[in-house]
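If you're matching positions, the sequence shown starts at 0 in numbering that gives the first Met the number 0 and goes up one per residue.
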Amino acid sequence: MNEQPVYTGDSLVLRHFERLSAIPRGSGNEKAISDYVAEFARQRNCEVLQDDRYTLIIRKPAAPGYEAAPPVIFQGHLDMVCEKNKGTEHDFTHDPIRFRLDGDLLYAQGTTLGGDNGIAVATAMAIIDTPDMAHPELEILLTTEEETNMGGAFHLDPSPLKGRMMINFDSDREGILFVSSAGGVNTYHEVPIRWRGGDPNEGQPYTISVKGLKGGHSGDDIIHERGNANKLLGRVLDELRRQTSFALAGVTGGAKVNAIPREAEAALYLDADNLPIAEAGIAELNAILRSEFEASDSGVSVAIAPGIDESAHPAAAGRVFAEETKAAVIRLLTLIPSGVLSMDKAIPNLVCTSSNLGVVATTEEKVVMQSLARSSLRSQTFDVLRIMSTLAETAGCQFRQDDYFPGWPYRADSKLRPVCEKAYERRYGRPLEIKAVHAGLECGVLIEKMPDLDAVSFGPNLYELHTPQEHLSISSVERTWEYLQDVLRELKS
């Protein structure tokens with residue numbers, strides 16, 4: 000538990016959110032949170048099914064008067080993205096998320112908050128914990144590994160689920176009902192490293208760093224065209240190789256493929272004659288990037304400093320890349336597509352296709368560059384894969400793909416969508432906004448398993464997802480909880 004509770008208000012959802020935030024729940028480490036929620040539900044006389052990937056199906060019986068209503072699935076995911084600021088001491092496998100309150104906004108202290116999708120888990124607990132709530136039979140589905148490969152949803156056996164209407168609670172904008180989402184696939188460019196011993200004549204070790212970027216969710220925030228630290232590092236290195244000589248010993252950047260990378264760095268060697276040229280070139284690029292990203296990433300900076308952090312570049316150990324390895328790495332960093340690739344032609348302000356070069360890492364054997372390509376069109380997803388594969392052939396490196404997840408198609412005959420619209424207009428006196436989202440939601444995977452599933456997605460206001468600046472609106476959480484109850488109350492027949 001957090002030793003100093005931050006939230007002291009009346010929201011049942013946020014009280015549960017604070018309790019569950021004491022339990023580590025990064026992707027792939029969901030057993031403890033799954034066991035906690037399962038036991039919580041059993042103690043309140045709910046039927047609980049837990050599979051071998053720790054996905055939960057929790058069945059809460061219908062309220063009096065709702066026995067004849069069709070069952071409804073309430074769905075979210077148990078895991079969270081684990082990101083922290085450089086210099087923040089936090090062990091995501093052990094430490095609780097520590098909160099910071101700023102008026103109506105709830106933050107974590109130097110880490111991701113886990114509102115994505117801890118708010119769904121906390122809301123599920125509030126549903127279970129409210130005995131007099133009006134609703135049909137509820138099947139609460141909480142999956143695992145959503146933030147990495149949607150492994151829990153892909154592995155799910157749907158046969159125990161009777162519901163064919165589903166409320167996905169993994170959205171981050173109050174007042175918007177999402178009815179369609181993009182699919183995607185992870186890609187990997189792998190450059191085999193040929194090392195050579197460092198030549199004393201190559202000079203002294205230095206680190207070039209790119210930092211100060213906002214980052215964000217590679218689906219929701221890609222439209223803002225924020226700087227990608229890995230791509231900017233490639234730009235810096237490509238410009239530097241045109242101006243002077245240097246030896247490259249390692250590159251690293253980003254932490255999660257579905258987060259726009261905020262920081263990246265390269266380890267290199269420069270001699271005394273070439274150092275002033277490199278420093279001048281980097282200073283010029285620093286000014287250029289500050290001008291280019293003034294609106295989206297005003298804190299961007301590129302710097303060169305003496306020394307190499309061995310913890311960030313353990314493979315270097317006095318060695319440097321052979322020239323062909325260095326060339327391939329710089330070319331790929333420069334040429335891998337990243338950012339918005341096309342906009343939807345029918346829906347205004349909706350990205351159709353994008354790619355995010357999210358993670359770059361150097362091991363003993365290879366440099367790995369991992370991207371996440373997204374599209375609402377399967378054809379364009381595979382077109383991006385074609386481009387990526389062709390680029391690998393050109394660069395002479397290996398290419399592979401995995402963790403494809405399908406998009407969620409719009410359903411014109413939805414019976415659930417009009418109920419959500421009616422309940423919203425009744426409560427707020429204005430129409431509910433209906434939208435598609437470029438981010439990937441589990442709805443697509445679950446609809447492939449249950450083709451007759453009628454799904455919608457909504458949630459409270461969450462901001463700066465997948466970054467240490469992630470925060471939520473307390474009042475929005477409370478309003479969305481009330482609205483959810485309105486929707487469930489309407490589903491009587």
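The C-beta atom is built at its ideal place from N, Cα and C for all residues, glycine as well.
None of these values were measured; they are calculated from a predicted model.
Distance, residue j Cα to residue i Cα
| i | j | result |
| --- | --- | --- |
| Q74 | S353 | 26 angstroms |
| E447 | E441 | 10 angstroms |
| S474 | L19 | 20 angstroms |
| N44 | I126 | 13 angstroms |
| L415 | A68 | 13 angstroms |
| D343 | R373 | 12 angstroms |
| S492 | V476 | 27 angstroms |
| T479 | V436 | 19 angstroms |
| M0 | H15 | Because the pLDDT at M0 is just 36, under 50, the model does not fix this residue reliably, and the point stays unresolved. |
| P70 | I139 | 10 angstroms |
| T54 | L390 | 38 angstroms |
| V12 | T129 | 11 angstroms |
| E2 | R172 | For E2, the pLDDT reaches just 44, beneath the cut-off of 50, and the residue's location in the model is therefore unreliable, leaving the point undetermined. |
| S472 | K213 | 19 angstroms |
| R163 | L452 | 5 angstroms |
| S388 | L371 | 14 angstroms |
| D412 | F98 | 42 angstroms |
| Q203 | D9 | 59 angstroms |
| L100 | P467 | 14 angstroms |
Per-residue burial, residue i [other beta carbons within 10 Å of its own, 16 or more giving buried]
| i | result |
| --- | --- |
| T143 | buried |
| T393 | exposed |
| P347 | exposed |
| T362 | exposed |
| I287 | exposed |
| D220 | buried |
| S310 | exposed |
| D115 | buried |
| K230 | buried |
| S297 | exposed |
| A228 | buried |
| N28 | buried |
Beta-carbon proximity of residue i to residue j, cut-off 8 angstroms
| i | j | result |
| --- | --- | --- |
| E123 | R488 | It should be pointed out that residue 123 corresponds to Ala in this sequence rather than to Glu. Not in contact: A123 and R488 (Cβ atoms no closer than 8 angstroms). |
| G439 | A181 | yes |
| D94 | R24 | no |
| G82 | T110 | In the sequence as presented, Gly is not what sits at residue 82; that position holds Glu. Against a cut-off of 8 angstroms, the Cβ pair of T110 and E82 comes out as a contact. |
| S295 | R225 | yes |
| N355 | V256 | yes |
| N273 | F292 | no |
| M449 | P60 | no |
| G357 | A258 | yes |
| P159 | I56 | yes |
| H76 | A119 | yes |
| A277 | L284 | no |
| A419 | V359 | Checking the sequence, you will find Cys at residue 419 rather than Ala. Going by C-beta atoms, C419 is not nearer than 8 angstroms to V359. |
| A265 | G253 | no |
| F39 | F457 | no |
| G395 | L332 | no |
| Y482 | Y423 | yes |
| E189 | K365 | yes |
| G218 | E432 | no |
| M149 | V444 | yes |
Delimiting residues of the alpha helix (DSSP H) encompassing residue i
| i | result |
| --- | --- |
| E236 | Looking at the sequence provided, one finds Leu at residue 236 rather than Glu. Counting along the chain, the alpha helix (DSSP H) containing L236 begins and ends at 228–242. |
| I446 | 442–448 |
| Y423 | 415–427 |
| W480 | 473–489 |
| A378 | Before going on, a small fix: residue 378 reads as Ser here, not Ala. Its alpha helix (DSSP H) spans residues 377–394. |
| Y35 | 30–41 |
Cβ of residue i within 8 angstroms of any chain B Cβ
| i | result |
| --- | --- |
| E293 | The structure shown contains no chain B; it holds only a single protein chain. |
Limits of the beta strand (DSSP E) - the one that residue i falls within
| i | result |
| --- | --- |
| A263 | 263–269 |
| H76 | 71–76 |
What beta strand (DSSP E) runs, 3 residues minimum, are completely inside the segment 289–321? Whole beta strand (DSSP E) segments, 3+ residues: 300–305, 318–320.
3 or more residues per run - each beta strand (DSSP E) lying fully within the segment 150–196: Within the segment 150–196, the complete beta strand (DSSP E) runs of at least 3 residues are 164–167, 175–180, 182–191, 194–196.
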